[in-house]
Amino acid sequence: MNEDRIILKLEGIKQKFEETGLQIADPVVIADMKKFIELNREYRELEPVVSAFERYKLTVANIESAKELLKIEKDDEMCKMAVTEIENLEIQRAAIEEEIKLLLIPKDPQDNRNAILEIRAGTGGNEASIFAGDLLRMYIKFIETKGWKIEITNISEGTAGGFKEVVAKVSGSGVYGILKYESGVHRVQRVPQTETQGRIHTSAASVAVLPEAEEFDIELNEKDIRKDIFCSSGPGGQSVNTTYSAIRLTHIPTGTVVQCQDEKSQMKNYSKALAELRTRIYNMEYQKYIDEIAGKRKTMVSTGDRSAKIRTYNYPQSRVTDHRINYTVYNLPSFMNGDISEIIKQLQIAENAERLKESEL
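Take the position in the sequence shown, starting the count at 1, then add 1018; the result is the number in my numbering.
Okay, structure coming up:
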């Protein structure tokens, strides 16, 4: 890497890290919760960069010390040991340099947030609803392997199985930064359960992943929100289906509508619906940022254009193909059982390579 330029940049980041640490301890900042949360987030993002920089400086210092020893040492055995140590330290330095390059790539500021996951049946009638249900199961399995938490907030069942629509909140570490690659149209090719002649049909379901807005991101005026209360539908027992506990919120200025019916408590449903409403309004602004970068990176087609076909699931060939990076795996049963980490990893690698090229590091 361009050592002088990078070192200068890293010194500036270290100074910013130290200044941020001091600000976090300032009573005035602590009293301003929004500012305090922003600074804490910034501090956590800078910490791994500073840590890598410190390891880099220590490795360079050890290389220089070993070289100085080599200049004055007369014992052949000690010289051999010094040469070996220098070789090993150079390998370490190269590895840390690559790590630093990746850490310096500008990140999506939303990556560490929780996410709202939406799955909607698309073209294909009942088979599309069944496929939407298959995708939900796939994500639930994946979320379990990550140790995250998923809460279904709204669900509309299909007439022959599966779901017409599912909305869920996913909580955990770095949720949005991983799940965002799933946004787009997922296409399935298989023989539907209702097909009597064994013909392969193509159906689709759309997935949208939104970074969850925090309470201080958006200020909602209660006068701008219309609240409707109705009976919950779907699973949950008799009390759910006969009690006016479901909530529908309409943000009048934007026309945004959300609803929540998974809780028996009206207040809990209202709280969840309000959080989702805040997220959707927040994402109207965030989408502008996504649109800016969508044309620059093929891996971001998913979030830049949610109508774009991103992946095909071919059951006869047991094949899953991600069209953004032309990457194919032939383990569809395992994939549908939540084993999607590898394809997300490949998308991240492709995006990091493009970001690295943009940053000219």
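Note that beta-carbon positions come from the ideal geometry of N, C-alpha and C, so glycine has one too. No experiment lies behind these values; they were computed from the predicted model shown.
What residue range is occupied by the uninterrupted alpha helix (DSSP H) comprising residue i?
| i | result |
| --- | --- |
| Y1331 | Here Y1331 belongs to no alpha helix (DSSP H); instead the beta strand (DSSP E) covers 1327-1332. |
| E1162 | 1144-1164 |
| L1197 | 1193-1197 |
| L1350 | 1350-1354 |
Over what stretch of residues does the beta strand (DSSP E) that includes residue i continue unbroken?
| i | result |
| --- | --- |
| N1172 | 1167-1175 |
| A1222 | 1219-1229 |
| G1202 | 1202-1208 |
| S1189 | 1181-1189 |
| Y1345 | 1345-1347 |
| L1135 | 1133-1139 |
| S1245 | Per the sequence shown, the amino acid found at residue 1245 is Lys instead of Ser. Run containing K1245: 1243-1248, per the beta strand (DSSP E) assignment. |
Does DSSP put residue i in a helix, in a strand, or in coil?
| i | result |
| --- | --- |
| P1271 | coil |
| D1126 | coil |
| D1050 | coil |
| V1067 | helix |
| G1255 | Confidence at G1255 is low in this model, with a pLDDT of 43, below 50, so its placement is unreliable and no value can be given for it. |
| D1093 | coil |
| S1336 | coil |
| I1118 | helix |
| V1319 | Interpretation of V1319 is limited by its pLDDT of 42, a score under 50 that renders its predicted location unreliable; the figure taken from the coordinates is listed afterwards. Residue state, collapsed to three classes: helix. |
| I1358 | coil |
| R1373 | helix |
| A1264 | strand |
| Q1364 | helix |
| K1027 | helix |
| Q1279 | coil |
| M1084 | The displayed chain sequence assigns Ala, not Met, to residue 1084. Residue state, collapsed to three classes: helix. |
| N1239 | coil |
| A1291 | helix |
| L1041 | A small correction: the amino acid at residue 1041 is Gln; Leu does not occupy that position in the sequence shown. Looking at Q1041 - three-state DSSP - the assignment turns out to be helix. |
I'd like to know whether the C-beta atoms of residue i and residue j end up nearer to each other than 9 angstroms.
| i | j | result |
| --- | --- | --- |
| P1229 | R1342 | no |
| T1330 | V1206 | yes |
| A1226 | R1296 | no |
| V1203 | I1081 | no |
| Q1284 | S1263 | yes |
| K1187 | E1294 | yes |
| Y1157 | Q1366 | no |
| I1109 | L1028 | no |
| L1122 | T1077 | no |
| Y1348 | S1359 | no |
| R1373 | P1124 | yes |
| E1060 | T1038 | yes |
| V1101 | L1135 | no |
Return the residue from the list the options that minimises the CA-CA distance to residue i.
| i | options | result |
| --- | --- | --- |
| E1056 | P1271, Q1128, K1290, Y1345 | Q1128 |
| V1275 | S1174, Y1288, R1266 | R1266 |
| H1269 | Y1300, Q1284, S1283 | Y1300 |
| I1362 | Y1288, Q1277, G1180, F1160 | F1160 |
| G1151 | S1069, G1180, G1165 | G1180 |
| L1350 | R1298, N1332, D1340 | N1332 |
| I1024 | L1120, A1146, T1102 | L1120 |
| A1291 | I1123, E1036, D1246 | D1246 |
| T1346 | V1338, F1353, S1352 | V1338 |
| A1113 | M1096, L1088, Y1074 | Y1074 |
| G1356 | T1272, V1101, P1045, G1165 | G1165 |
| R1244 | T1220, L1122, G1273, L1088 | G1273 |
| I1148 | R1059, Q1335, T1220 | T1220 |
| D1022 | D1093, E1115, L1153 | E1115 |
| I973 | A1079, G1176, D1126, I1090 | It is not possible to answer for residue 973, since the shown part of the chain is limited to 1019 through 1379. |
| I1137 | E1183, K1241, F1054 | E1183 |
| E1063 | E1036, K1052, V1046, K1089 | E1036 |
| T1163 | S1224, F1353, A1371 | F1353 |
Can you check whether the C-beta of residue i is within less than 9 angstroms of a C-beta belonging to chain C?
| i | result |
| --- | --- |
| G1195 | Chain labels in this structure do not include chain C; a single protein chain is all it has. |
Could you tell me whether the stretch 1163-1171 touches the stretch 1233-1244, using the rule of 3 or more Cβ pairs below 8 angstroms?
No, the stretch 1163-1171 does not touch the stretch 1233-1244.
Is it the case that the stretch 1186-1198 contacts the stretch 1140-1151, given that we only count it when at least three CB pairs across the two stretches are under 8 angstroms?
Taking a cut-off of 8 angstroms on C-beta distances, the stretch 1140-1151 does not touch the stretch 1186-1198, as fewer than three cross pairs fall below it.
Three or more C-beta pairs closer than 8 angstroms, one from the stretch 1029-1036 and one from the stretch 1064-1071: is that the case here?
They touch, by the three-pair rule.
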